[in-house]
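Asks: Below: one structure in structure tokens.
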Amino acid sequence: MKHSYSSSWQFFSKLAWFLLSCLISSLKSTNGATSSNETDRLALLDFKNLITEDPFQIMNSWNDSINFCSWTGVSCNPSNGRVMVLNQQSQKLVGSIPPSIGNLTYLTGINVRNNSFYGEIPPEIGRLPYLQHINLTYNSFTGKIPTNITNLMDLRVLAFAYNKFIGNIPLQLSYLSRLVVLELGANNLTGTIPLWIGNFSSLIGLSLSFNNFHGSIPDELGKLSNLGFFQLSGNLFSGTIPPSIYNISSIYYFSVAENQLQGQLPVDVGLALPNLQIFAGGVNNFTGPIPTSFSNASGLLVIDFAINSLTGSVPWNIGSLQRLVRFNFDDNNLGYWDSKDLKFLLSLTNCTKLAVLGLGRNRFAGELPSFIGNLSRQLQILSIGGNRIQGSIPIEIENLVNLNLLGLEQNNMNGTVPDIVGKLQNLQGLHLNGNGFSGPIPPSLGNLTKLTTLSLDENNFQGSIPPSLGNCQSLLILNLTTNSLTGSIPKQVIGLSSISISLVLSQNSLTGSLPSEVGKLANLRELDLSENKLSGEIPSTIGNCISLERLNLEGNGFVGTVPESLGKLRGLEELDLSHNNFSGVIPTFLGKLTSLRLLNLSYNDLEGELSGEGIFENATGFSIIGNDNVCGGNPRLSLRPCSKKRNGKSQNLRVVIPVTIIAVLFIVSLCSFAILYKVRSSRKDQKALPSGEWAEDSPYPELKTSTSNFAAENLIGSGSFGSVYRGTLNGRLVAIKVLNLEQQGAVRSFFDESDALRSIRHRNLLKILTSCSTIDHQGKDFKCLVFEFMSNGNLDEWLHPPAGNEHLGKKLGLLLRLNIAIDVASALEYLHHYCETPIVHCDLKPSNVLLDKDMVAHVGDFGLARFLIESSKYPSRNQEMSVGLKGSVGYIPPEYGMGGQVSIIGDVYSYGILLLEIFTGKRPTEDMFTDDLTIHKFVNMALPDHLLNIIDPSMLLPGDDNENDGVKREIIRSHERLQQCVTSLLSIGLLCSSSLPEEGWP
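Numbering (mature numbering (1 follows the signal peptide of the UniProt record, and there is no 0)), first residue to last: -32 to -1, 1 to 970.
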């Protein structure tokens, strides 16, 4: 969609290496003997010794059989034999740079670009007074940019792109007044652009792209009168672009894409920047028209302002840019819904090198003109979907023989798809969905052997699916849903093994059986054949589709039993077999599919007892209605109980019930006696243990050893009743909560948390692995709980990252926050409604929400949890607990402070505060919430008109979380939809956190 960063580097790389190339050439042409220098030789050997991988065996030449000046990648000064240039570019080396690099006193150039070097840059590099060029691009260097490079007063090129540097641009760089190239892109740098960069009068290349820089672009950069390469894309810059920068007439590369910039493009930009070749500002908030002055910058290759809010028409004179390669204005507001909107396409026929034309999702109307076939034969991408284009596909499109993407989706086009589309044999993506195309699907599409995506859904195609589509051996996605297709599913298509992402044929009138060739789709993730007229049994070969995550066969006429082979689909997440004629018992293997989260078996003729494991544990995760002979299962389903029979006859309940009761009472009494005896014996044994001895089943010795005797370096958190350490148990990384038994209430907390967690299991609850109650090596009581280790810490650390970890908040995007909120709600629902005895958590807050490696939330710390049975059985004890509640200020329900009893409504209040904190980024205890102002009132006063003033802005910014680029761009661009979503979420938080329970609780 935009000019790639790696492509732009080609310009910059040539510039960066100009001086060094000249230097190396001059060295090679100079005659003279090279004298050995022991200091340089030893420094080079240190460099060699830190290389851990050398696939090209470069270091083999670094031996004493030849002078080190002849070693591969080493160039020396012929007059004194000292090393001048170290060039190891693109050798796939792995290693680090030794401190002895500072001993190469006469070094003028270092180039280790495009390798896998790691670690920090040794500060000794500041001892190289003659260094002019340093290129570390495309490696994995870490740490901060060294501050002592101030001494490198002769430095011309500083290229640190594509590494993992952190921190701000150090002030010490301001002394490098001779810099020609400053390249710091694609790191994790933060802060603002220093104003002193404007003093680098010799600078011709500046790239700070793809970092976390924020603030405005300083006007001082306008003083860089020699600047040619200017790249700030992929940051968090806001405001407008200073007009002074548009006055630097030498700029040929200009990119500010993927920021939060606004304002209009200057009317005279083509006149002010006559040398422009690249002009990119996509994914911002630019408004206004496309400047007509672009025509004056005759060397323009790329104009890319996709995903903005530009308006008006496309200038007619844009066709004068005969070198134009990329013209991308996808996702703007161009056009007037007028039939003349596309007239400008005629001028683009003069752009004979045009490869990308992006006009999708604007306001263009009219028909595709026949002269579209006169566009450049080099055209590879034609994107014009999401408009109001009418009419048919002109047959002249066959001239665009190099097209690899044709996007006409979501328009008002009609007629038949001409056979000539099958001549576009370089097509990889064909998107015709969401139109009114009719007639048959052209069999000629089978000639498109490079096709990876074919989207013909939401049209009115008739006839059968062409078997020739089976020739598309590169196809990954095939979507024919919502048409009027008939006939059977061709074996050639259902057996097309290349389809690995999605095969959707739903909402047609397909008939016949499902061919056994479906088993060839071993890599397919989604298969949707719903709402057709298919019949017969599901072939057992479907078990070969081991990568399936979603299978939808709903609304057909399938018969027979649910095949056992479905049990092989271990990754299945959604299965819909509803509205068919399946019979037989419900397979037990469905309860063993651990990834299954949605199951619909409704309206079939299934029978038998419903399993109580896996998906069947949660009454909201599946549907079984319309199967009258199913029994048992979760009580919330209100299914009839299953009858128990012996020898074909029902037992006499009047006999069974008394006998059962007597047996149960006997067993309970026997177990109670055994437990009592065990507890007393255990306590007695523990007291008798001498120092340094433990019971054989106690994990204490291993926990003590793995935490280095619970040393501070393994401490990962602390709370009211103890501390949490990182350790191992049976080779497994765990979190160990050690109780501080001197703290009042700690012992009670230990037993309460053990009781609460021992019998509950839910994916969003922190799993307790074991507990330990023994005597430590000093003869003191020791109690701890051992939990699963959560590698991503707790939610509080992500919402309010400590100094040095500010990047965490930027990775916590809107969708990830929403998923965490849903996870916590799911955990509370389970505790309140699905436990045998409902549990109230009583201390819900961000620090008690733990995040695993996949950022799935787990509610933990049940030290204050209460079983609801206590409310009715021991009301006096509940009242005492309420008054002296040791919860967290800001999250405690007001009614608890007034003597109210513990209830699930209290957890709902805490959850409401948690929601407000997640989406505003503010703690309920912040200094701003004083007097009568609370976080509840703060949010309530802002909704709905001032929403964007209170939400956490970091969740709108591009990060490294599980959100894709399209989603992030849409969030940044579409404020209206963002407000609707976040307003709903905050409204839920307000309802839950009402001061009086009856205000927000139905």
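All C-beta atoms in this analysis are idealised placements derived from N, C-alpha and C, irrespective of residue type, glycine included.
If you're wondering where the values come from, they're calculated on a predicted model, not measured in any experiment.
Per DSSP, what are the beta-bridge partners of G880 in this structure?
Replies: Taking the first residue of the sequence shown as 1, we reach residue 880 at position 912. Paired residues: none, contrary to the question.
Asks: Can the beta-carbon of L607 be found closer than 8 Å to that of L569?
Replies: Looking up residue 607 in the sequence shown gives position 639. Looking up residue 569 in the sequence shown gives position 601. No, these two residues do not count as a Cβ contact at 8 Å.
Asks: Expressed to the nearest angstrom, what Euclidean distance is found between the alpha-carbon atoms of M52 and I219?
Replies: For this step, residue 52 is matched to residue 84 along the sequence shown. For this step, residue 219 is matched to residue 251 along the sequence shown. Distance between the alpha carbons of M52 and I219: 32 Å.
Asks: Output the boundary residues of the beta strand (DSSP E) element that contains T255.
Replies: Walking along the sequence shown from the start, residue 255 turns up at place 287. Here the beta strand (DSSP E) through T255 covers N253 to G256.
Asks: DSSP has P408 in a bridge; who is on the other side?
Replies: One-based indexing of the sequence shown puts residue 408 at position 440. Paired residues: Q430.
Asks: Please determine if the stretch 83 to 90 and the stretch 26 to 37 are in contact, where contact requires at least 3 C-beta pairs separated by less than 8 Å.
Replies: Touching, no.
Asks: Here's a check: name, in chain order, each residue in its chain whose Cβ is nearer than 6 Å to the Cβ of G858, leaving out the five neighbours to either side.
Replies: Taking the sequence shown and counting its residues from 1, one reaches residue 858 at position 890. Cβ neighbours of G858 beyond the five flanking positions: P892 and T893.
Asks: Once the 5 residues before and after L96 are set aside, which same chain residues still bring their CB inside 6 Å of it?
Replies: By one-based count along the sequence shown, residue 96 stands at place 128. Taken in chain order, the residues that qualify are L75.
Asks: Along the chain, where does the alpha helix (DSSP H) that runs through Q199 open and close?
Replies: The residue you call residue 199 lines up with position 231 of the sequence shown. Q199 -> not in any alpha helix (DSSP H); beta strand (DSSP E) instead, spanning F197 to Q199.
Asks: Using CA coordinates, which residue listed in L492, W305, P210 and K672 is at the minimum distance from D187?
Replies: Locating residue 187 in the sequence shown gives position 219, counting from the first residue. Considering only alpha carbons, the answer is P210.
Asks: Could you compute how far the alpha carbon of V598 sits from the alpha carbon of S611?
Replies: Reading the sequence shown from its first residue, position 630 is the one you call residue 598. Reading the sequence shown from its first residue, position 643 is the one you call residue 611. Those two C-alpha atoms are separated by around 11 Å.
Asks: Check the C-beta distance from I467 over to I433 and give it rounded, since I have them as a contact under 8 Å.
Replies: Translated into positions along the sequence shown, residue 467 becomes position 499. Translated into positions along the sequence shown, residue 433 becomes position 465. With 8 Å as the limit, I467 and I433 do not qualify as a contact, their Cβ atoms being about 13 Å apart.
Asks: Could you round the C-beta distance between L310 and F339 to whole angstroms and report it? I think they count as a contact, below 8 Å.
Replies: For the purposes of this step, residue 310 is identified with residue 342 of the sequence shown, where counting begins at 1. For the purposes of this step, residue 339 is identified with residue 371 of the sequence shown, where counting begins at 1. Not confirmed; about 10 Å, so no contact.
Asks: Please classify residue 1046 as buried or exposed, where buried requires at least 16 other C-beta atoms within 10 Å of its C-beta.
Replies: Coverage of the chain is limited to positions -32 through 970, which leaves residue 1046 absent and any answer about it impossible.
Asks: Exposed or buried, what is T673 when buried is set at 16 or more other beta-carbons lying within 10 Å of its beta-carbon?
Replies: As a position in the sequence shown, residue 673 is number 705, starting the count at 1. It counts as exposed.
Asks: Report the residue from S184, D425, L192 and L13 whose alpha carbon sits nearest the alpha carbon of L150.
Replies: As a working mapping, residue 150 is identified with position 182 in the sequence shown. Closest option to L150, Cα to Cα, is L192.
Asks: Please name the residue, chosen from I873, S871, D875 and C960, that lies closest to N908 on a Cα-to-Cα basis.
Replies: Stepping through the sequence shown from its first residue, residue 908 is reached at position 940. The shortest Cα separation from N908 among I873, S871, D875 and C960 belongs to C960.
Asks: Got a sec, what are the start and stop residues for the alpha helix (DSSP H) Q460 sits in?
Replies: Translated into the one-based positions of the sequence shown, residue 460 becomes position 492. Counting along the chain, the alpha helix (DSSP H) containing Q460 begins and ends at K459 to I462.
Asks: Whose CA, out of S515, K501 and E517, lies closest to the CA of V527?
Replies: Counting from one through the sequence shown, the residue named residue 527 turns up at place 559. Taking only the C-alpha atoms, the option nearest V527 is K501.
Asks: Using 8 Å as the threshold, is the stretch 755 to 764 in touch with the stretch 811 to 826, meaning 3 or more CB pairs across them?
Replies: A contact exists between the stretch 755 to 764 and the stretch 811 to 826.
Asks: Just to confirm before moving on: does the CB-CB distance between N103 and N79 stay below 8 Å?
Replies: Stepping through the sequence shown from its first residue, residue 103 is reached at position 135. Stepping through the sequence shown from its first residue, residue 79 is reached at position 111. Yes. Within cutoff.
Asks: Could you name the residues that DSSP lists as bridge partners for C803?
Replies: Position 835 of the sequence shown, counted from the start, is the residue given in the question as residue 803. DSSP output for C803 lists no bridge partner at all.
Asks: Give the straight-line distance between the Cα atoms of P667 and L812, rounded to the nearest whole angstrom.
Replies: Here the question's residue 667 lines up with position 699 in the sequence shown. Here the question's residue 812 lines up with position 844 in the sequence shown. Each residue's alpha carbon lies about 29 Å from the other.
Asks: Who are the near neighbours of D236 in its chain, counting only those whose CB is closer than 7 Å to its CB and skipping five residues on each side?
Replies: Taking the sequence shown and counting its residues from 1, one reaches residue 236 at position 268. Counting only Cβ-Cβ distances below 7 Å, and skipping sequence neighbours, we find S261.
Asks: Whole angstroms is fine: what's the gap from I592's alpha carbon to G303's?
Replies: Taking the first residue of the sequence shown as position 1, residue 592 is located at position 624. Taking the first residue of the sequence shown as position 1, residue 303 is located at position 335. I592 and G303: Cα-Cα distance of roughly 51 Å.
Asks: Can you tell me where the beta strand (DSSP E) with T673 in it begins and where it stops?
Replies: Counting from 1 along the sequence shown, the entry for residue 673 is found at position 705. T673 -> not in any beta strand (DSSP E); alpha helix (DSSP H) instead, spanning Y668 to S674.
Asks: Assess, as a yes-or-no matter, whether the stretch 381 to 389 is touched by the stretch 399 to 419 under the definition of 3 or more beta carbon pairs within less than 8 Å.
Replies: Short answer: they touch.
Asks: Tell me whether the beta-carbon of S456 lies closer than 8 Å to the beta-carbon of G480.
Replies: In the sequence shown, residue 456 corresponds to position 488, counting from 1. In the sequence shown, residue 480 corresponds to position 512, counting from 1. It is a contact, given that the beta carbons lie within the stated cut-off.
Asks: Below 7 Å CB to CB, which residues in the same chain sit around Q346 once its five sequence neighbours on both sides are set aside?
Replies: As a first step, residue 346 is located in the sequence shown; it is residue number 378 there, counting from the start. Cβ neighbours of Q346 beyond the five flanking positions: K321, L322, A323 and N370.
Asks: Grouping DSSP H, G and I as helix and E and B as strand, with all else coil, what is V42?
Replies: Counting from one through the sequence shown, the residue named residue 42 turns up at place 74. In this structure, V42 counts as strand in the three-state DSSP scheme.
Asks: If you reduce the DSSP assignment to three classes, tell me which class M923 lands in.
Replies: One-based indexing of the sequence shown puts residue 923 at position 955. M923 falls in the helix class under three-state DSSP.
Asks: Starting from the N-terminal side, write out each stretch of the beta strand (DSSP E) that is 3 residues or longer and does not extend beyond the stretch 354 to 411.
Replies: The stretch 354 to 411 contains these whole beta strand (DSSP E) runs: 356 to 359, 373 to 375, 380 to 383, 397 to 399 and 404 to 408.
Asks: If we ignore side chains and look at the alpha-carbon of each, how far apart do I583 and F297 end up?
Replies: Locating residue 583 in the sequence shown gives position 615, counting from the first residue. Locating residue 297 in the sequence shown gives position 329, counting from the first residue. Roughly 47 Å between the two C-alpha positions.
Asks: Check each candidate in Q230, L200 and S170 and name the one with the smallest Cα separation from N194.
Replies: On the sequence shown, residue 194 is found 226 positions in, with the first residue counted as 1. N194 has its Cα closest to that of S170, out of Q230, L200 and S170.
Asks: Look up Q56 in the DSSP assignment and give the residues it is bridged to.
Replies: The residue labelled residue 56 in the question sits at position 88 within the sequence shown. Per DSSP, none; premise fails for Q56.
Asks: Helix, strand or coil, according to DSSP, for C37 in the structure here?
Replies: If you number the sequence shown from 1, residue 37 lands on position 69. Residue state, collapsed to three classes: helix.
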